[in-house]
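Worksheet: the structure to be examined is printed underneath.
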Amino acid sequence: MRESTIMKIHYGTALAAVALVAVHILMRLTQGFADSLEYESVLANYKLIPYAIMLELILILLSVHGFNGLRVILLELRQGRTYEKAVSYGCLAAMIGLIAYGSNTIIRTNMGIV
Amino acid sequence: MTEDENKEGIGGMANPTRYGIERVAYWLMRLSGLGLLAYFVAHIYETSNILRGQVGWNEFLELTQTTEGHIFLALVIAMCVFHTVNGIRVMLGHGGVGVGKPARPDYPYDPASQNYRHKIGIYSAILLAAIATMYGLAVMFGE
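Going line by line, the protein sequences match chains A and B.
FYI, in our numbering the residues of the first sequence are 309 to 422.
FYI, in our numbering the residues of the second sequence are 12 to 154.
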């Protein structure tokens, strides 16, 4: 993929994540910070389908943005065909791994498999 | 000055004291990005404790809902706000917004892109991060 396309994705995921994370944080503040972290409250959030979808979107957006950012920082420090490939595929693997791990939590909690 | 004396490598490039607030912003952007990624990975692991049931969730909450945990979260708020505001400034700059018109380079060769608009943007990012951190601390310790 061209670097210009990757940067457009980087900026797009950033803007979308800012909007969704703002909603995620506001949900913590609507019922009091400590109360919102109670087990029943968090479980109720996960069981709400629109909220679970939003969490999944945040997970994907921030994973893509975060690991691409890490890739950019690592490529700034050093260059070379093998190094660049290792960094790019390493970040991609970490991104997929984190999305899979987070999705497991969201899906299983939403479906009541706790 | 010989070529060797002029070469400082990454150390010279990274020196935050030499190139003004823009280089400080460059460093803060990368450090806050790495910090936020580390927090994000930890947060995904932290929330996965809900799969351990109420006992597991409460056990982990006892570890994070402490004074140290709240101070760490305040640092995360600061990094998040700075990274967001400065990120928007960088995006606008890449889009050509606020970087000035192309002009003939004349002595003393001040780069048109490093102007007061972007400096205000960087200082605003730092100020907003400080305000958000204080608000976060008030919310977390106010209960």
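Note that beta-carbon positions come from the ideal geometry of N, C-alpha and C, so glycine has one too.
Please read these numbers as outputs of a predicted model, since none were measured by experiment.
Can you pull the chain A neighbours of residue i, defined as C-beta to C-beta under 9 Å?
| i | result |
| --- | --- |
| Phe71/B | Residues of chain A passing the Cβ test: none, with the nearest at roughly 10 Å. |
I'd like the span of the alpha helix (DSSP H) that includes residue i, first residue to last.
| i | result |
| --- | --- |
| Met311/A | The amino acid occupying residue 311/A in the given sequence is Glu; Met does not appear at that position. Per DSSP, Glu311/A belongs to the alpha helix (DSSP H) from 311 to 338. |
| Asp343/A | 341 to 344 |
| Tyr127/B | 127 to 152 |
| Met90/B | 78 to 105 |
| Lys355/A | 347 to 355 |
| Gly44/B | 32 to 58 |
Grab me the residues of residue i's own chain with a C-beta within less than 7 Å of its C-beta, minus the 5 sequence neighbours each way, in chain order.
| i | result |
| --- | --- |
| Asn60/B | Gly67, Trp68, Phe71 |
| Pro27/B | Arg34, Val35, Trp38 |
| Ser43/B | Met90, Phe93, His94 |
| Leu382/A | Val395 |
Compare the C-beta of residue i against all C-beta atoms of chain B and say whether one is closer than 7 Å.
| i | result |
| --- | --- |
| Gly405/A | no |
| Gly410/A | yes |
| Gly320/A | no |
| Leu370/A | yes |
| Val326/A | yes |
| Gly420/A | no |
| Gly388/A | no |
Anything in chain B within Cβ reach of residue i, meaning under 7 Å, just list it in chain order.
| i | result |
| --- | --- |
| Tyr391/A | Simply none; closest approach about 15 Å. |
| Ile317/A | Going along chain B, no residue has its Cβ under 7 Å from Ile317/A, so there is no contact; the nearest lies around 13 Å. |
Pull up the distance between the alpha-carbon of residue i and that of residue j, whole angstroms please.
| i | j | result |
| --- | --- | --- |
| Ala49/B | Ala114/B | 42 Å |
| Met102/B | Gly64/B | 42 Å |
| Ile366/A | Gly398/A | 21 Å |
| Ile133/B | Val422/A | 45 Å |
| Tyr127/B | Asp117/B | 19 Å |
| Ile314/A | Lys112/B | 27 Å |
| Thr106/B | His129/B | Correcting the residue type first, residue 106/B is Gly in the shown sequence and not Thr. For Gly106/B and His129/B, the distance between alpha carbons rounds to 13 Å. |
Counting only beta-carbon atoms, is residue i nearer than 7 Å to chain A?
| i | result |
| --- | --- |
| Met102/B | yes |
| Gly98/B | yes |
Mind pulling the chain B residues with CB within less than 8 Å of residue i?
| i | result |
| --- | --- |
| Leu345/A | Leu72, Gln76 |
| Val331/A | Ordered by position in chain B, no residue passes the 8 Å Cβ test against Val331/A, which lies about 14 Å from the chain. |
Who are the Cβ neighbours of residue i in its own chain at under 6 Å, not counting the five residues just before and after it?
| i | result |
| --- | --- |
| Gly46/B | Met90 |
Which bits of chain B does residue i rub up against, with CB to CB less than 9 Å?
| i | result |
| --- | --- |
| Leu350/A | Sequence check: residue 350/A is Val here, not Leu. Going along chain B in sequence order, the residues near Val350/A (Cβ under 9 Å) are Thr58, Ile61, Trp68. |
| Thr313/A | None at all; the shortest Cβ gap to chain B is about 14 Å. |
For residue i, which residues in chain A fall below 8 Å Cβ to Cβ?
| i | result |
| --- | --- |
| Phe10/B | Absent from the structure is residue 10/B, since the part of chain B shown begins at 12 and ends at 154. |
Which residues in chain A sit within 7 Å of residue i, going by Cβ to Cβ distance?
| i | result |
| --- | --- |
| Phe51/B | Leu370, Gly374 |
Once the 5 residues before and after residue i are set aside, which same chain residues still bring their CB inside 8 Å of it?
| i | result |
| --- | --- |
| Arg379/A | Val395, Ser396, Cys399 |
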